[in-house]
Amino acid sequence: MALDLPFIAAGVIAFAVLAYVILDGFDLGIGIIFPTLKGEANRDLAMNTVAPVWDGNETWLIMGGGGLFAVFPLAYAVVMPALYAPIIAMLLALIFRGVAFEFRWRTKRWKGVWDLSFFLGSVVATFAQGVALGALVQGVAVEDRAYAGGPWDWLTPFSLLTGAALLVGYALLGSTWLVMKTEGYVRDRAARLAWLAGPATLALIGIVSLLTPFLNPLYMERWFAVPNVFFTIWVPALVLAAAFVFVRGMRGGRDSWPFLASLAVFVLSFVGLGISFYPYIVPPHLTIAETAAPPLALAFVLVGAAILVPLILAYTAYAYWVFRGKIDPDHGYH
Amino acid sequence: MFGFDALELARFQFAFTVSFHFIFPAFSIGLASYLAVLNGLHLFTGREVYLRLFNYWKIIFAVAFAMGVVSGIVMSYQFGTNWSVFSERAGPTIGPVMAYEVLTAFFLEAGFLGVMLFGRAKVGPALHFAATLMVAVGTLGSAFWILSVNSWMHTPQGFSINEVGEFVPENYWEVIFNPSFPYRLVHTVLGAYLTTALVVGAVGAWHLLRDGAHPAARKMYAMAMGMIVVVAPLQIVAGDFHGVNTFHHQPAKIAAMEGHYESYPDGAPLILFGVPDDEAEVTRYALEIPKLGSLILTHDWNGAVQGLKAWPRDERPPAEIVFWTFRVMVGLGVLMLALGVWAAVARWRGRLYDSRPLLYAALAMGPAGFVAVIAGWVTTEVGRQPYTVYGLMTTAESVSPITLEAVTTSLIAFIVVYFAVFGAGTFYILRLMREPPEEGAPEDVVGPIRTAGITPGPTQTRGTIRGQAET
Chain U
1432 MALDLPFIAA GVIAFAVLAY VILDGFDLGI GIIFPTLKGE ANRDLAMNTV
1482 APVWDGNETW LIMGGGGLFA VFPLAYAVVM PALYAPIIAM LLALIFRGVA
1532 FEFRWRTKRW KGVWDLSFFL GSVVATFAQG VALGALVQGV AVEDRAYAGG
1582 PWDWLTPFSL LTGAALLVGY ALLGSTWLVM KTEGYVRDRA ARLAWLAGPA
1632 TLALIGIVSL LTPFLNPLYM ERWFAVPNVF FTIWVPALVL AAAFVFVRGM
1682 RGGRDSWPFL ASLAVFVLSF VGLGISFYPY IVPPHLTIAE TAAPPLALAF
1732 VLVGAAILVP LILAYTAYAY WVFRGKIDPD HGYH
Chain H
-11 MFGFDALELA RFQFAFTVSF HFIFPAFSIG LASYLAVLNG LHLFTGREVY
39 LRLFNYWKII FAVAFAMGVV SGIVMSYQFG TNWSVFSERA GPTIGPVMAY
89 EVLTAFFLEA GFLGVMLFGR AKVGPALHFA ATLMVAVGTL GSAFWILSVN
139 SWMHTPQGFS INEVGEFVPE NYWEVIFNPS FPYRLVHTVL GAYLTTALVV
189 GAVGAWHLLR DGAHPAARKM YAMAMGMIVV VAPLQIVAGD FHGVNTFHHQ
239 PAKIAAMEGH YESYPDGAPL ILFGVPDDEA EVTRYALEIP KLGSLILTHD
289 WNGAVQGLKA WPRDERPPAE IVFWTFRVMV GLGVLMLALG VWAAVARWRG
339 RLYDSRPLLY AALAMGPAGF VAVIAGWVTT EVGRQPYTVY GLMTTAESVS
389 PITLEAVTTS LIAFIVVYFA VFGAGTFYIL RLMREPPEEG APEDVVGPIR
439 TAGITPGPTQ TRGTIRGQAE T
C-alpha cells in the first residue's frame, strides 16, 4: 500500500500544533493568571516553574508555522495573509512576554513593568491565537490560489468567542500546572483559580462545540451523520470523563491529576477540531491533498521528522525530568 | 504612508525586522561557542576563572538569546504574512530546508538552554558541559540551514518550475549545497565569531582600564584578542572567496558594490571611494586604482568586468546603497585586522594588558562586529534586488495581497515595539557588562605558589610555602 504522504504530513503538523497548544498553553496560562498572584516571591516562584522550558515550548510554534510552510506551502500562503492582524498581534505579544522571563530579573525599579508585560503579552497572544483559530474554523475566502478576503474577515462574534475560550482554557492549564508544581500560597491560590477556570472552560468548549456545526453543513455532517455519530460521540464523553478526573484530583489532593485532566480536555478538543476539518486544511476551500507540497518535499521532511521528532521528544522529556517535582523556592539562577 | 506603496512598506518591514533579529544570532552564535569553550576548559583544567567567566557570560547570553528567539518567531511567520506568493511558490523547495532548521537546531538549543542556564547543580559538571555544547551546536546548525535557504535565493538550483509557477524540488543535495552556500556560511559564521570576540574583548578592556589586575578580565581580554588575531585574517580571505563566487553568479551585484556602471573588457579599476549616482549612471569623484578591481575579482590584471549598464535599468540593484554598505563592512574588517595585529605585537612585547591605547582601541571596536555584519547583510540582500529568487522571481511578484493600511499599521507597531523592548534589553546587557565578573578565590595567586612548591627557591622553605598556600 502506498503511503499517503500528505495525510501523514498533516498528522505531523497537527501534532506540532497540539504540542504547542498544550506546552505553551500552560506557560501562557501562568502569564494570564499572573496578576492574581500577590507578592514578588510568589510571582518569582510561578515564573521559575516554566523558566527552564518555555523556550522549548515556544519552539513548537515555529515547528507548526515553519512546518506548514514546508509541507503545505499553499495553505501557509493563504492562511497567514487571511489572519494578518491576529498573527502580527500574537507575534508582538510574544515578544513582550518572552523577554519578560529575562528582563524582570535585570531590574528592580522596572520589575513591575515587565510583570505587566508578561501578563498583557500572554493575554494578547492567547486571545489572538483563539481568534485565529475561530476565524479558520469559520472559513477563509480563497480565489486563484490566494487569500481573497478583506483585512477584517477574521473579526466575528464567533472568533471573539473562541478567543475568550482559549484565554480561559490556558488559564486552566496554567493554574493546574502551578497546583502540580508548587506548594503553599501559590498552589492554593492556583487551586482556587482552577475551580473557576475548569467549569468555565467546559462551558465555553460546550458553546463553541454547539455553534461550530451550524457554521458549515460539512461540520454538521461530519459530527452527526450516521454512522459518524457513533465515533464522534466518544469525544464529548471523554471530555466528561476528564472533568471527573479533574474534580477527583482537586478534591483528593492529587496535585498532578487536574493538570493531566486539563491536558486531556485540550487533546480531545483538538481531536474534535480534526474531525471537523478533515479532509480540509483551510476550510471551506483547500484540502490537505491539494495544498500539499510535491512528494519529494514531503518525503524529505517526513524522513527527518521520523528520526528527529522522537529524539526531540526524548531530550525535551529529559529537560522536564531534570526539573521534575514540586519546585524548590530557592531554585533558579536569580 | 509618506507616499510609499504597500510593496515598499512590506520590504521595509522585512528589512527592519530581519536586521534587528540578525543582531542577536550574530552575537549568540559566537557566544554559545565561547560558553562551551569556557565550560569545557573549566571541566578539563578545574580552574575557577573559567567557571566565573562562564557564569558571567551565561546571563548576558540568556538575555540576548531571549531577544533572538522572540524576534526569530516573527521571521518564521512573516514569510507567510507579507510574502505569501513567495512562500507559495518557493515553499516546496526551501520550506523543507527550513523545517530541518527547526528539527535539528531550534529544538536542540531551546531544549538544552534550560539545563545550561539553571541545571548545573542538578545534572553535574559533565552533563552541564554537554548541555552547553548542544546549545552551541544548535546555534551553528541553525546558521547552517538558514544560510542554505538564503543562499538558494541567491544561487537557486536543484528544482524545476511547474505550470502554476511553483519551484518544485528535484534534488535536495543541490538545493542545500547551492553554489554560494559554502562561502556564505563560512563568511557569516566567521563574522559571528568576530562579532562576539570584539564584544568580549571590549568588555575585558573596559574592566582592565579600571583594574588592570582583574584575573577574569585579563583572561577574557586575552582570549578575545587571540581569537581576533586568528579570525580577522581568515575572514578577509573568506570574504574574498565569497566575492569571487558572487562575481561568477551575480555579476550585477558586484558591479553595484564596486560602483561600476561601465563595462571593462580588459581590466577594471578598483574604485576606493566615490559617489555612485544610479540616475546618471556614473560614480562621481571616483578615486580609482587601475586594474586592481579585475585582479581581485578575476585574479587577472586584464580580466573582463561588467558594469551596471550591461543590464536593463529595472534589473539592476541600487549601487547607491550597496556601494556604501560594502565599504563600511570592508573598512571595519581592515580595522579588526589592525586591532588583532596590534594585540599580537603588544603580547609579543609583554604589554597586552597594560597598553592603554590598545585597551581603548579594543573598547571602541566593541560594536564594530554588529555594524559590519549588518552592513554585509544589506550588501548581499539589497544586491540581490530586484529579485527574491535570483533571476527567476522578483520581489514585486512575491508580496502578499495585504492592504496598505494593514502593512502601515504593522510596520509602525514593529518599529515602536522593537525599539522599546530591544532597546531595554540592550540597556540591560550593557548594564550587566558594566559590572565585572565576580571575584572568587584568588586562584591566580595560588597558582604560582604551588609552582614554587615544586621547585623551591633558595630562600624558601616548605613550611612557609604550605603556610602561604593555606591562607
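These protein sequence lines are chains U and H, in that order.
Those letters in the first sequence? Residues 1432 to 1765, per the working numbering, in order.
Those letters in the second sequence? Residues -11 to 459, per the working numbering, in order.
A virtual CB, placed ideally from N, CA and C, is assigned to each residue, including glycine.
Within chain U, the residues that residue i reaches when beta carbons sit closer than 8 Å
i: residue 75/H; result: 1500, 1504, 1507, 1508 and 1511
i: residue 425/H; result: Residues of chain U passing the Cβ test: none, with the nearest at roughly 15 Å.
i: residue 152/H; result: 1576
8 Å CB neighbourhood of residue i in its chain, flanking five on each side removed
i: residue 1758/U; result: 1476, 1479, 1480, 1612 and 1613
i: residue 123/H; result: 20, 23, 24, 96, 97, 100, 101 and 104
i: residue 321/H; result: 220, 223, 224, 227 and 360
i: residue 13/H; result: 56, 60, 127, 130, 131 and 180
i: residue 384/H; result: -5 and 374
i: residue 1485/U; result: 1455, 1458, 1529 and 1532
i: residue 251/H; result: 292, 293, 294, 295, 297 and 298
Pair within 8 Å by beta-carbon distance, residue i and residue j
i: residue 1713/U; j: residue 1501/U; result: no
i: residue 379/H; j: residue 244/H; result: no
i: residue 1436/U; j: residue 1729/U; result: yes
i: residue 367/H; j: residue 310/H; result: yes
i: residue 303/H; j: residue 374/H; result: yes
i: residue 1517/U; j: residue 1559/U; result: yes
i: residue 61/H; j: residue 1489/U; result: yes
i: residue 132/H; j: residue 182/H; result: no
i: residue 1449/U; j: residue 1698/U; result: yes
i: residue 135/H; j: residue 176/H; result: yes
i: residue 156/H; j: residue 80/H; result: yes
i: residue 324/H; j: residue 356/H; result: yes
i: residue 1520/U; j: residue 1585/U; result: no
i: residue 257/H; j: residue 285/H; result: no
i: residue 1629/U; j: residue 1669/U; result: no
i: residue 1596/U; j: residue 1639/U; result: yes
Chain C contact for residue i (CB, 8 Å cutoff)
i: residue 1746/U; result: The question asks about chain C, but that chain is absent: this structure's protein chains are U and H.
DSSP bridge partner residues for residue i (one or two, in chain order)
i: residue 382/H; result: 375/H
i: residue 148/H; result: 156/H
i: residue 1577/U; result: 1574/U
i: residue 276/H; result: 259/H
i: residue 239/H; result: Looking at the DSSP assignment, residue 239/H forms no beta bridge with any residue, so it has no partner.
i: residue 264/H; result: 271/H
i: residue 293/H; result: 252/H
i: residue 1717/U; result: 1713/U
Sequence-distant residues of the same chain with beta carbon closer than 6 Å to residue i, five excluded per side
i: residue 187/H; result: 354
i: residue 459/H; result: Residue placement at residue 459/H is flagged as unreliable, the pLDDT there being 30, under the threshold of 50; a coordinate-derived value is accordingly withheld.
i: residue 1732/U; result: 1501 and 1502
i: residue 1565/U; result: 1589, 1590 and 1593
i: residue 1570/U; result: 1714 and 1715
i: residue 185/H; result: 212, 215 and 216
i: residue 119/H; result: 100, 103 and 104
i: residue 72/H; result: 388
i: residue -7/H; result: none
Listed by chain order, chain H residues near residue i by CB distance under 7 Å
i: residue 1533/U; result: 50, 51 and 54
i: residue 1525/U; result: 58 and 61
i: residue 1725/U; result: 80, 156 and 157
i: residue 1713/U; result: Those do not exist, as residue 1713/U stays about 12 Å from chain H at its closest Cβ, beyond 7 Å.
i: residue 1736/U; result: 91
Closer than 8 Å at the beta carbon, the chain H residues around residue i
i: residue 1731/U; result: 84, 157 and 160
i: residue 1538/U; result: 416
Chain H residues whose Cβ lies nearer than 9 Å to that of residue i
i: residue 1489/U; result: 57, 58, 61 and 98
Contacts of residue i in chain U (Cβ-Cβ under 7 Å)
i: residue 391/H; result: 1582
i: residue 65/H; result: 1496, 1511, 1518 and 1522
Neighbouring residues, chain U, relative to residue i (Cβ below 9 Å)
i: residue 44/H; result: Going along chain U, no residue has its Cβ under 9 Å from residue 44/H, so there is no contact; the nearest lies around 12 Å.
Near the ligand COA: residue i beta-carbon under 7 Å from a heavy atom
i: residue 1697/U; result: Only the bare structure without any ligand can be found here, which leaves the ligand COA out of the picture.
Own chain partners of residue i with C-beta closer than 7 Å, once the 5 adjacent residues on each side are dropped
i: residue 207/H; result: 37 and 41
i: residue 332/H; result: 217
i: residue 431/H; result: Because the pLDDT at residue 431/H is just 44, under 50, the model does not fix this residue reliably, and the value given afterwards should be weighed accordingly. Contacts found: 35, 36 and 37.
i: residue 1700/U; result: 1636
(Q) Three or more C-beta pairs under 8 Å: does that hold for the segment 1605 to 1625 of chain U against the segment 1677 to 1697 of chain U? (A) yes
Q. For the 8 Å Cβ check, are there 3 or more pairs between the segment 284 to 298 of chain H and the segment 232 to 242 of chain H?
A. Segments in contact, yes.
Q) Do the segment 142 to 159 of chain H and the segment 189 to 204 of chain H touch if we need at least three Cβ pairs shorter than 8 Å? A) no
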